[in-house]
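There are 2 protein chains.
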Amino acid sequence: MPAPPDAFITGEFRRALDDRFRLTLPQEFASLVADDASQTILAKECSGCLSLWKAADWRVRMDDGMSLIREKIRTGRMEQRWTEVQRLGRLLSTRSTEVKLANRARLLIPEGFREFLGVEKGGDVMVIGAVVCVEIWHPEAWLNQLREDMPGFGELFKELSG
Amino acid sequence: MPAPPDAFITGEFRRALDDRFRLTLPQEFASLVADDASQTILAKECSGCLSLWKAADWRVRMDDGMSLIREKIRTGRMEQRWTEVQRLGRLLSTRSTEVKLANRARLLIPEGFREFLGVEKGGDVMVIGAVVCVEIWHPEAWLNQLREDMPGFGELFKELSG
DNA sequence: TGAACTATTGGGCGTGATTCCCACGAAGTG
DNA sequence: CACTTCGTGGGAATCACGCCCAATAGTTCA
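Going down the list, the sequences are from chains A and B.
Going by my numbering, the first sequence opens with residue 11, and the numbers climb by one from there.
Going by my numbering, the second sequence opens with residue 11, and the numbers climb by one from there.
Laid out in structure tokens, this is it:
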């Protein structure tokens with residue numbers, strides 16, 4: 011990530027979804043992933059997990075394919091790349107969307123992301139600070155993830171901090 | 011791409027065809043693929059998928075392809091391929107039509123395109139922004155496409171379709 | 001301990017989006 | 001000509017979402 015002046019995003023919370031699929035983020039998270047206009051990027055990570063990003067950070071993360079497309083389009087040279095652009099564009103569309111937080115911290119999970127998260131209306135989710143973004147987990151998926159990742163924590167921490 | 015710095019077309023929506031094979035586009039898409047006279051190009055992409063283009067963009071896309079072929083023909087590098095060229099010519103004819111968006115951003119899917127899309131009247135379709143065009147997918151075909159393009163999301167589909 | 005705040009949650013309501021459904025007219029058929 | 005099919009237009013019920021406020025719960029500060 012681009013050395014953000016922002017603090018690391020950390021913490022773990024249990025939250026419940028509305029019957030309208032609204033989720034109020036812990037206020038401290040909201041300010042870290044939203045811009046002044048309360049806009050953020052909501053993305054699909056893996057089954058049972060969504061993530062929230064500052065638009066700028068998300069763009070950086072996506073840059074693999076997208077910036078290339080942007081360039082091609084800008085310069086109008088796209089010869090044989092049309093279908094490729096279409097394909098990536100398609101994926102960009104399913105993968106993420108921009109959303110606005112109401113009341114500074116309330117997120118409406120859009121259709122399409124609900125099924126992906128796999129939580130019923132009114133159900134619980136885990137909201138996790140993942141340093142560079144906020145993750146929203148289906149409780150069970152979260153447990154599985156933990157079981158899988160925890161043993162490697164010490165190793166990973168050493169690797170990333172050393 | 012034409013100079014007009016049109017915004018990326020993105021977004022994913024589920025929509026229903028009405029009993030007469032009409033599809034109301036998400037209004038944000040309508041203006042991005044239609045000109046002032048509400049005309050757009052409807053094209054066949056692959057079985058289960060149609061696409062909508064601004065006429066200008068479609069022309070550019072075709073020309074990019076055509077000029078390549080023209081070049082090959084001109085330089086005589088088409089020897090054995092004539093039957094294929096012929097086949098291509100044939101396909102070009104059915105590949106696209108110009109359609110007019112009626113009243114409420116409503117698109118009548120013409121005969122010939124219906125079977126290609128493979129959705130019954132009243133059935134659901136997915137409407138996807140593919141950056142340079144809008145795509146209309148048969149739900150099943152869309153899932154298959156995702157499975158193919160996003161193997162990482164593998165588990166999801168097991169759950170969603172199971 | 002109590003008052004003042006803040007964070008979180010639940011729900012009302014208005015507006016616009018999406019559907020469902022029907023009417024009208026042109027075209028096709030026997 | 002009676003009857004059916006299809007393209008078109010539009011009315012209207014329904015639904016979803018944005019906006020806002022009220023109630024509750026939890027914390028901080030005198």
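Note that the Cβ used here is the ideal one computed from N, Cα and C, for glycine as well.
Small disclaimer: the values here were computed from a predicted structure and weren't measured.
If you run the structure through DSSP and keep just helix, strand and coil, what is residue i?
{"i": "Lys110 of chain A", "result": "strand"}
{"i": "Ile119 of chain B", "result": "coil"}
{"i": "Ser48 of chain B", "result": "coil"}
{"i": "Gly139 of chain B", "result": "strand"}
{"i": "Thr34 of chain A", "result": "strand"}
{"i": "Lys82 of chain B", "result": "helix"}
{"i": "Ala151 of chain B", "result": "helix"}
{"i": "Val144 of chain A", "result": "strand"}
{"i": "Phe39 of chain B", "result": "helix"}
{"i": "Asp134 of chain B", "result": "strand"}
{"i": "Phe163 of chain A", "result": "helix"}
{"i": "Ala26 of chain A", "result": "strand"}
With 8 angstroms as the threshold, decide whether the Cβ of residue i is near any Cβ in chain A.
{"i": "Glu22 of chain B", "result": "yes"}
{"i": "Val142 of chain B", "result": "yes"}
{"i": "Glu145 of chain B", "result": "yes"}
{"i": "Leu156 of chain B", "result": "yes"}
{"i": "Asp159 of chain B", "result": "yes"}
Could you tell me which of the options sits nearest to residue i, measuring between CA atoms?
{"i": "Asp29 of chain A", "options": "A:Leu170, A:Glu165, A:Arg124, A:Leu166", "result": "A:Arg124"}
{"i": "Gly58 of chain B", "options": "B:Gly122, B:Val142, B:Pro161", "result": "B:Gly122"}
{"i": "Ser108 of chain B", "options": "B:Arg157, B:Lys54, B:Trp152, B:Leu153", "result": "Looking at the sequence itself, residue 108 of chain B is Glu, so the reference to Ser does not match. Among B:Arg157, B:Lys54, B:Trp152, B:Leu153, the Cα nearest to that of Glu108 of chain B is on B:Lys54."}
{"i": "Leu62 of chain A", "options": "A:Val135, A:Glu130, A:Ala140", "result": "A:Ala140"}
{"i": "Asp159 of chain B", "options": "A:Leu98, A:Phe39, A:Ser48, A:Arg71", "result": "A:Leu98"}
{"i": "Ser48 of chain A", "options": "A:Gly164, A:Glu94, A:Leu117", "result": "A:Leu117"}
{"i": "Ala115 of chain A", "options": "A:Leu42, A:Arg24, A:Trp92", "result": "A:Leu42"}
{"i": "Ile79 of chain B", "options": "B:Val95, B:Arg71, B:Val70", "result": "B:Val95"}
{"i": "Pro149 of chain B", "options": "B:Val129, B:Arg105, B:Thr50, B:Gln37", "result": "B:Val129"}
{"i": "Asp134 of chain B", "options": "B:Leu52, B:Arg24, B:Ala65", "result": "B:Arg24"}
Starting from residue i, find everything on chain A with Cβ-Cβ shorter than 9 angstroms and list it in chain order.
{"i": "Ile138 of chain B", "result": "Gly99, Arg100, Ser103, Thr104"}
{"i": "Arg25 of chain B", "result": "Neighbours of Arg25 of chain B on chain A: none; closest Cβ ~11 angstroms, over 9 angstroms."}
{"i": "Met76 of chain B", "result": "Within chain A, no residue comes near Met76 of chain B; the closest Cβ sits about 12 angstroms away, beyond 9 angstroms."}
Hey, does residue i have any beta-carbon neighbour from chain B nearer than 8 angstroms?
{"i": "Val95 of chain A", "result": "yes"}
{"i": "Arg92 of chain A", "result": "Residue 92 of chain A is actually Trp in this sequence, not Arg. Chain B, which has a Cβ nearer than 8 angstroms to the Cβ of Trp92 of chain A, makes this yes."}
{"i": "Gly122 of chain A", "result": "yes"}
{"i": "Thr34 of chain A", "result": "no"}
{"i": "Ala13 of chain A", "result": "Below a pLDDT of 50, predicted positions are generally treated as unreliable, and Ala13 of chain A, at 39, falls in that range; the measurement from the model is reported next regardless. No, because no Cβ of chain B sits closer than 8 angstroms to the Cβ of Ala13 of chain A."}
Name the chain A residues that come within less than 7 angstroms of residue i, Cβ to Cβ?
{"i": "Asp52 of chain B", "result": "Note on residue identity: the sequence assigns Leu, not Asp, to residue 52 of chain B. Residues of chain A passing the Cβ test: none, with the nearest at roughly 15 angstroms."}
{"i": "Arg71 of chain B", "result": "Trp92"}
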